[in-house]
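A.B. asks: In our numbering, the protein residues as written are 81 to 486.
For each residue, glycine too, the CB sits at the ideal point set by N, CA and C.
Structural data, given as structure tokens:
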């Protein structure tokens with residue numbers, strides 16, 4: 081069988097592991113909270129990117145597309161897309177007009193395309209550069225796989241409205257954004273698209289400036305909240321420390337008493353704590369403080385069995401532990417040899433905090449229960465009980481914790 085010492089050591093180890101586990105859980109929660117905040121910031125920034133891209137893209141490309149659309153006759157465009165005849169007067173006239181529009185704007189490329197099949201489109205009229213510029217000009221009928229920007233082109237033709245692409249990086253021009261408008265024939269059908277490409281370095285810089293600003297602002301709020309939380313927790317800890325010091329002072333004073341009937345009688349009306357002596361049979365002695373009746377809501381406690389009074393409020397599994405704890409306190413050799421320190425005994429106490437229902441008012445309260453062995457000599461061993469109502473303290477602590485989380 082395990083000795084009381086080994087049992088105590090295992091209990092202390094379990095409590096230490098529990099404390100470390102709570103610290104780990106708090107740290108993990110805070111890390112996940114920060115990750116969640118930054119994820120929200122990034123998602124919001126990406127959504128803002130779409131808004132910024134569309135706004136600036138429409139501001140830059142809208143007038144160019146309107147002017148270009150006014151130059152293009154939809155039926156002539158449809159016929160040219162079928163014939164691919166470079167001698168068609170409509171082709172050369174429109175190409176020159178589009179080139180003039182492009183040169184007066186800030187766009188990189190200005191062109192028209194018509195669908196062939198699937199992801200394949202062909203250039204119809206390219207107003208990006210003169211025909212002799214082989215790098216920038218696409219001749220009539222040149223086919224291209226537009227997989228990289230197929231979605232906005234298809235949406236433009238399907239909805240017959242303007243659409244803008246996402247930011248794309250080009251090795252020659254850097255960050256680029258494109259805006260598309262439909263080419264409609266006289267029947268209102270989309271027979272092609274007008275494309276206009278712009279440099280988007282300004283949009284890109286504005287995006288990252290926005291993201292960095294939001295990340296910094298979020299970091300400031302998180303750090304500020306954490307500092308405020310630590311400040312509040314520190315205040316609560318100081319308050320608890322003061323309460324522990326008062327409790328320890330009361331316990332120390334009680335332990336120093338040998339014949340303490342008169343002393344307890346003098347203290348009972350002044351201290352707002354329930355003090356009582358209990359013998360080996362857990363019977364409350366007659367020199368308890370009157371405040372104990374107030375705390376427990378029971379009159380005439382002398383001669384009553386303490387364990388009977390609190391058993392209804394203890395879990396079944398803890399009743400045995402409580403009895404074993406009291407037996408340990410009454411073990412004369414342990415008390416006299418000081419094999420257990422006060423802190424060790426306190427850690428073994430299964431009812432350090434007890435949720436108790438007043439039998440008179442039926443109101444629940446939280447009690448702090450402490451017990452220390454007292455040897456009066458000649459084989460007379462007692463346990464001095466100290467019961468305090470800490471309900472208000474717990475409510476205050478809960479409010480401060482909730483305030484620290486906001």
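Looking only at its chain, what residues have a beta carbon closer than 7 Å to the beta carbon of residue 204, apart from the 5 residues adjacent to it on each side?
C.D. replies: 157, 160, 161, 192, 193, 194, 220 and 272
A.B. asks: If you measure between the beta carbons of residue 188 and residue 256, is that distance less than 9 Å?
C.D. replies: yes
A.B. asks: Measuring CA to CA, which of 424, 374, 398 and 407 is closest to residue 443?
C.D. replies: Ranking the options by Cα distance to residue 443, first place goes to 374.
A.B. asks: Give the single residue among 465, 150 and 243 whose Cα lies nearest to the Cα of residue 387.
C.D. replies: Of 465, 150 and 243, the residue nearest in Cα terms is 465.
A.B. asks: Buried or exposed: where does residue 460 fall if 16 or more other Cβ atoms within 10 Å of its Cβ makes it buried?
C.D. replies: exposed
A.B. asks: Evaluate residue 303 with the Cβ neighbour count: other Cβ atoms within 10 Å of its Cβ, from every protein chain shown; 16 or more gives buried, anything less gives exposed.
C.D. replies: Classification of residue 303: exposed, given that the 10 Å Cβ count is below 16.
A.B. asks: Determine, using beta carbons only, whether residue 149 and residue 274 come nearer to each other than 9 Å.
C.D. replies: Cβ distance < 9 Å, so residue 149 and residue 274 count as in contact.
A.B. asks: Within 10 Å of its beta-carbon, does residue 353 have 16 or more other beta-carbons around it, so buried, or fewer, so exposed?
C.D. replies: With 16 or more other Cβ atoms inside 10 Å of its own Cβ, residue 353 counts as buried.
A.B. asks: Residue 428 to residue 321, Cα distance in whole Å?
C.D. replies: Straight-line Cα distance between these residues: approximately 20 Å.
A.B. asks: Below 6 Å CB to CB, which residues in the same chain sit around residue 474 once its five sequence neighbours on both sides are set aside?
C.D. replies: 446
A.B. asks: Give every residue of the same chain whose Cβ lies closer than 7 Å to the Cβ of residue 471, excluding the five residues on either side of it in the sequence, and list them in chain order.
C.D. replies: 445 and 446
A.B. asks: Quick one: what's residue 354 bridged to in DSSP?
C.D. replies: 467
A.B. asks: So residue 365 and residue 371 are in contact, right, with Cβ under 8 Å, and what is the actual spacing, rounded?
C.D. replies: With a Cβ gap of about 16 Å, residue 365 and residue 371 do not count as contacting.
A.B. asks: Whole alpha helix (DSSP H) runs in the region 137-194 with 4 or more residues, listed along the chain?
C.D. replies: Taken in chain order, the complete alpha helix (DSSP H) segments of 4 residues or longer contained in the region 137-194 are 154-163 and 169-184.
A.B. asks: Nearest CA to the CA of residue 247: which residue from 229, 142 and 239?
C.D. replies: When each option's Cα is compared against that of residue 247, the closest is 229.
A.B. asks: Which first and last residues belong to the alpha helix (DSSP H) in which residue 235 is found?
C.D. replies: 230-239
A.B. asks: DSSP beta-bridge partners for residue 450?
C.D. replies: 466
A.B. asks: What is the DSSP secondary structure of residue 344, counted as helix, strand or coil?
C.D. replies: Here the model assigns residue 344 a pLDDT of 49, short of 50, so the residue's position is not dependable, and the following value carries that caveat. Of the three classes helix, strand and coil, the one that applies to residue 344 here is helix, per DSSP.
A.B. asks: With residue 272 as the anchor, note down where its alpha helix (DSSP H) starts and where it stops.
C.D. replies: Where residue 272 is concerned, there is no enclosing alpha helix (DSSP H), although the beta strand (DSSP E) it sits in stretches over 270-279.
A.B. asks: Taking the alpha-carbon positions, what's the residue 385 to residue 422 distance?
C.D. replies: 24 Å
A.B. asks: How about residue 152: is its Cβ closer than 8 Å to a heavy atom in the ligand FMN?
C.D. replies: Absence of the ligand FMN is noted for the structure shown, with no ligands found whatsoever.
A.B. asks: Please state whether DSSP places residue 460 in a helix, a strand or coil.
C.D. replies: Correct three-state label for residue 460: coil.
A.B. asks: What beta strand (DSSP E) runs, 3 residues minimum, are completely inside the region 368-446?
C.D. replies: 433-437
A.B. asks: With distance defined between alpha-carbon atoms, name the residue in 147, 463 and 406 nearest to residue 276.
C.D. replies: 147
A.B. asks: Measuring only the C-alpha atoms, how far is residue 259 from residue 268?
C.D. replies: If I take the Cα positions, the gap works out to 20 Å.
A.B. asks: State buried or exposed for residue 468, treating a residue as buried only when at least 16 other CB atoms are found within 10 Å of its CB.
C.D. replies: buried
A.B. asks: Rounded to the nearest angstrom, what separates residue 264 and residue 240 at their Cα positions?
C.D. replies: Those two C-alpha atoms are separated by around 8 Å.
A.B. asks: Using a Cβ-Cβ cutoff of less than 6 Å, which residues in the same chain neighbour residue 242 once the five nearest sequence positions on both sides are dropped?
C.D. replies: 261
A.B. asks: For the candidate residues 190, 170 and 167, whose alpha-carbon lies nearest to that of residue 143?
C.D. replies: 190
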